[in-house]
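A short worksheet on the structure shown next.
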Amino acid sequence: MIRSIAGQAVHVNEEGFLTALDEWNKDIAAEIAKEEGIAELTPAHWKVIEWCRANAVNGRSPTLRQITEGTGISTKEMFALFPKGPAKKVARIAGLGKPEGCV
Amino acid sequence: MGEDTRKMAFICSKGTLDMAYPALVMGWAALGNGVDVTIFFTFWGLDIIRKSRQDHLEIAPVGNTSMKMSMMGVHADNVGIPNLVGVLPGMTALATKLMKDKMRALGVPPVSEYFRCWWTAAQSSTRASSRWT
Numbered sequence: 001m002i003r004s005i006a007g008q009a010v011h012v013n014e015e016g017f018l019t020a021l022d023e024w025n026k027d028i029a030a031e032i033a034k035e036e037g038i039a040e041l042t043p044a045h046w047k048v049i050e051w052c053r054a055n056a057v058n059g060r061s062p063t064l065r066q067i068t069e070g071t072g073i074s075t076k077e078m079f080a081l082f083p084k085g086p087a088k089k090v091a092r093i094a095g096l097g098k099p100e101g102c103v
Numbered sequence: 104m105g106e107d108t109r110k111m112a113f114i115c116s117k118g119t120l121d122m123a124y125p126a127l128v129m130g131w132a133a134l135g136n137g138v139d140v141t142i143f144f145t146f147w148g149l150d151i152i153r154k155s156r157q158d159h160l161e162i163a164p165v166g167n168t169s170m171k172m173s174m175m176g177v178h179a180d181n182v183g184i185p186n187l188v189g190v191l192p193g194m195t196a197l198a199t200k201l202m203k204d205k206m207r208a209l210g211v212p213p214v215s216e217y218f219r220c221w222w223t224a225a226q227s228s229t230r231a232s233s234r235w236t
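Protein sequences appear in the order of chains C and H.
For the record, in the first sequence the residue sitting at position 51 is 51 according to the numbering used here, with numbers rising by one throughout.
Count along the second sequence from 1, add 103, and you get the number used in the numbering used here.
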């Protein structure tokens, strides 16, 4: 389905995840973050988001463990930055699919 | 905590290596996806939370019909590890080592590391909890 985020029409799936990688931009990320209860994206948030976009496989976000190992951001910080479900929230904000693995 | 929050509970009542991971792997993935996760440890499952035991959990090939010769590097599709072989000294240690090697190759953390992740997550949110009975 198509919905409008930050004044742009984008394709999303039934859970509200963007389905086209190239439709994502930083304004869209900020708006999705607000929907997820994150008022403002700080440089730490962006570091995670950009790392995930750079390391996505088949449009799917890396797993939580891959993120903490790849960025050096601790598990604790991840839960503080993206409270209540960091893996899912990062994926949605970064315009990626949910991570494929469980680890 | 919203009313629509999904909740999940695991009961760990066994203390073997292969029975420790299902709750840890699935629970951790669920936690990352915003699910409230509770793990109960009881009976032999208490070994999973005992510091002296949690990194020394083992898997025995004896009586385990899911363990196949192919896991030992022998190409024999469906042929199981004979129980008579499984009773040989060192077979449990070997099977345990093979499982740990496999998990390391897949990037699955050891049990104690899972708990470190678990507690740090629990400190910054209320969504993870575990109980022992």
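Here a beta-carbon is modelled for each residue, glycine too, at the ideal position from N, C-alpha and C.
Can you give me the start and stop residues for the beta strand (DSSP E) that residue i sits inside?
| i | result |
| --- | --- |
| K98/C | Where K98/C is concerned, there is no enclosing beta strand (DSSP E), given that its DSSP letter is neither H nor E. |
| K110/H | 110–115 |
| T195/H | That residue, T195/H, is in no beta strand (DSSP E); its alpha helix (DSSP H) goes 194–208. |
| A9/C | 8–11 |
| F144/H | 139–144 |
| I5/C | 2–5 |
Hey, could you find the ends of the alpha helix (DSSP H) residue i is sitting in?
| i | result |
| --- | --- |
| T68/C | 64–71 |
| A29/C | 26–35 |
| L127/H | 120–135 |
| I93/C | 86–93 |
| M78/C | 75–81 |
| R53/C | 43–54 |
| V188/H | 186–189 |
By Cβ distance, which residues of its chain are closer than 6 Å to residue i, with the 5 residues on each side in sequence left out?
| i | result |
| --- | --- |
| M104/H | Unreliable positioning characterises M104/H in this predicted model, as indicated by a pLDDT of 45, which lies under 50. The coordinate reading is nonetheless provided below. The answer is none, since no qualifying residue turns up. |
| M140/H | Note that residue 140/H corresponds to Val in the displayed sequence, not to Met. For V140/H, where only same-chain residues beyond five positions count, the Cβ hits under 6 Å are M111, G130, A133, L134, A231. |
| I114/H | F143 |
| D150/H | G118, R156 |
| G189/H | P164, V165 |
| R109/H | V138 |
| T19/C | H11, N13 |
One question on the structure: do residue i and residue j come within less than 8 Å of each other, judged by their Cβ atoms?
| i | j | result |
| --- | --- | --- |
| M202/H | L120/H | yes |
| V96/C | R53/C | Residue 96/C is actually Leu in this sequence, not Val. Cβ atoms of L96/C and R53/C: closer than 8 Å. |
| A225/H | T75/C | no |
| S61/C | P99/C | yes |
| K88/C | N181/H | no |
| F82/C | V90/C | yes |
| W51/C | I67/C | yes |
| G72/C | N55/C | no |
| A33/C | L21/C | no |
| A198/H | M170/H | yes |
| E36/C | R92/C | yes |
| A123/H | V214/H | yes |
Quick one: which chain C residues come within Cβ less than 7 Å of residue i?
| i | result |
| --- | --- |
| C115/H | Chain C residues near C115/H: none, gap ~17 Å exceeds 7 Å. |
| Q226/H | K76 |
Between residue i and the rest of its own chain, which residues show a CB-CB distance below 7 Å, the 5 nearest in sequence each way excluded?
| i | result |
| --- | --- |
| R3/C | V10, V12 |
In chain H, which residues lie with their C-beta within 7 Å of the C-beta of residue i?
| i | result |
| --- | --- |
| G85/C | G135, N136, G137 |
| K88/C | G135, N136, G137 |
Near residue i, what residues of its chain come up, given a Cβ to Cβ distance below 8 Å and the 5 sequence neighbours on each side ignored?
| i | result |
| --- | --- |
| A6/C | N25, D27, I28, A30, E31 |
| C220/H | W131, P212 |
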